[in-house]
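Asker: Provided herewith is a single structure, encoded as structure tokens, for subsequent inquiry.
In this note's numbering, the protein residues as written are 1018 to 1205.
Set out below in structure tokens:
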């Protein structure tokens, strides 16, 4: 995955982050149209908008990815209320932390994009379980953990596969906004 660090044109990087934020919102909106999954907590979704966040972490600045997490959380808050905002923010921040560890801290992504998708989905679910425990002031919410574990692995595989498929296109589009990549990191 190329790492875009265009110091000459911060406006172009901000524009790209804005476009990625809009893409994340569009995917989040499409996911909101899906019916509830049986045996899962209300609001459980596949997490396809995390593809955009993974791309931002792997190619742009961490602050750009953080912006996307905030935009997605604000969208959840505006469309579904304060609880949804808090749940989305906690899940998004945990997933972002996993992405940063995988893409930025480790020297090489040994998990591949599918493994990364799974780890990020599981981190997101963990963040939301923690948020739900705080909101409900009970740990019995952990009863959803086994179902969310299976759901997270399945949706993480899908997210990783989709991310692998769309990465070349996202990179191609990104080159219109930022200069030639500074370095290339293999993430397959």
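Quick reminder that beta carbons are idealized off the backbone N, C-alpha and C, glycines included.
Quick test of your reading: residue 1108 and residue 1142, contact by CB under 8 Å. State the CB separation rounded to the nearest angstrom.
Answerer: By one-based count along the chain shown, residue 1108 stands at place 91. By one-based count along the chain shown, residue 1142 stands at place 125. Indeed, because the Cβ distance is near 7 Å, the residues count as touching under 8 Å.
Asker: Would you kindly check if the distance between the Cβ of residue 1065 and the Cβ of residue 998 is under 8 Å?
Answerer: Limits of the chain in this structure are 1018 at one end and 1205 at the other, which puts residue 998 out of reach.
Asker: Comparing alpha-carbon positions, which option in 1036, 1147, 1046 lies nearest residue 1096?
Answerer: In the chain shown, residue 1096 corresponds to position 79, counting from 1. Per the Cα distances, 1046.
Asker: Under 8 Å, do residue 1101 and residue 1091 count as touching if we go by C-beta distance?
Answerer: Numbered from 1 along the chain shown, position 84 holds the residue referred to as residue 1101. Numbered from 1 along the chain shown, position 74 holds the residue referred to as residue 1091. No, the Cβ-Cβ distance between residue 1101 and residue 1091 is not below 8 Å.
Asker: Indicate the three-state DSSP secondary structure (helix, strand or coil) for residue 1153 in the structure shown.
Answerer: As a first step, residue 1153 is located in the chain shown; it is residue number 136 there, counting from the start. In the structure shown, residue 1153 sits in a helix (DSSP, three-state: H, G or I).
Asker: If you draw a straight line from the alpha carbon of residue 1182 to that of residue 1044, how long is it in whole angstroms?
Answerer: As a first step, residue 1182 is located in the chain shown; it is residue number 165 there, counting from the start. As a first step, residue 1044 is located in the chain shown; it is residue number 27 there, counting from the start. The straight-line gap from Cα to Cα measures roughly 16 Å.
Asker: Please return the same chain residues whose Cβ sits closer than 7 Å to the Cβ of residue 1024, not counting the five positions on each side in sequence.
Answerer: Counted from its first residue, the chain shown places residue 1024 at position 7. In this predicted model, residue 1024 has a pLDDT of only 47, less than 50, meaning its place in the structure is not dependable; the value taken from the coordinates is given anyway. Within the same chain, no residue comes within 7 Å of residue 1024 by CB-CB distance, once the 5 residues on both sides are set aside.
Asker: Taking the alpha carbon of residue 1134 as the reference point, which residue from 1180, 1164, 1117, 1111 has its own alpha carbon closest?
Answerer: As a first step, residue 1134 is located in the chain shown; it is residue number 117 there, counting from the start. Per the Cα distances, 1180.
Asker: Between the Cα of residue 1192 and those of 1152, 1027, 1033, spot the shortest distance and give me the residue it belongs to.
Answerer: In the chain shown, residue 1192 corresponds to position 175, counting from 1. Of the listed residues, the one whose Cα sits closest to residue 1192 is 1033.
Asker: With DSSP run on the structure shown, which of helix, strand or coil describes residue 1089?
Answerer: For the purposes of this step, residue 1089 is taken as residue 72 along the chain shown, with counting starting at 1. In this structure, residue 1089 counts as helix in the three-state DSSP scheme.
Asker: Using the rule of at least 16 other Cβ atoms within 10 Å of the residue's Cβ for burial, across every protein chain shown, is residue 1074 buried or exposed?
Answerer: As a working mapping, residue 1074 is identified with position 57 in the chain shown. Buried, by the Cβ-count rule.
Asker: State the Cα-Cα distance for the pair residue 1151 and residue 1086, rounded to the nearest angstrom.
Answerer: As a working mapping, residue 1151 is identified with position 134 in the chain shown. As a working mapping, residue 1086 is identified with position 69 in the chain shown. One C-alpha to the other measures close to 20 Å.
Asker: Can you give me the Cβ contacts of residue 1042 inside the same chain, cut-off strictly under 8 Å, excluding the 5 residues immediately before and after it?
Answerer: Walking along the chain shown from the start, residue 1042 turns up at place 25. The residues are 1066, 1088, 1089, 1092.
Asker: If you draw a straight line from the alpha carbon of residue 1164 to that of residue 1137, how long is it in whole angstroms?
Answerer: In the chain shown, residue 1164 corresponds to position 147, counting from 1. In the chain shown, residue 1137 corresponds to position 120, counting from 1. Rounded to whole angstroms, residue 1164 to residue 1137 spans 16 Å at the Cα level.
Asker: Would you mind reading off the limits of the alpha helix (DSSP H) that contains residue 1163?
Answerer: The residue you call residue 1163 lines up with position 146 of the chain shown. Residues 1162 to 1191.
Asker: What number of angstroms, rounded off, separates the C-alpha of residue 1198 from the C-alpha of residue 1028?
Answerer: The residue given as residue 1198 occupies position 181 in the chain shown. The residue given as residue 1028 occupies position 11 in the chain shown. Its pLDDT being 45, under 50, residue 1198 is placed unreliably in this model, and the coordinates cannot settle the point.
Asker: With 16 other CB atoms within 10 Å as the buried threshold, where does residue 1167 fall?
Answerer: Residue numbering aside, residue 1167 sits at position 150 when the chain shown is read from its first letter. Under this definition residue 1167 is an exposed residue.
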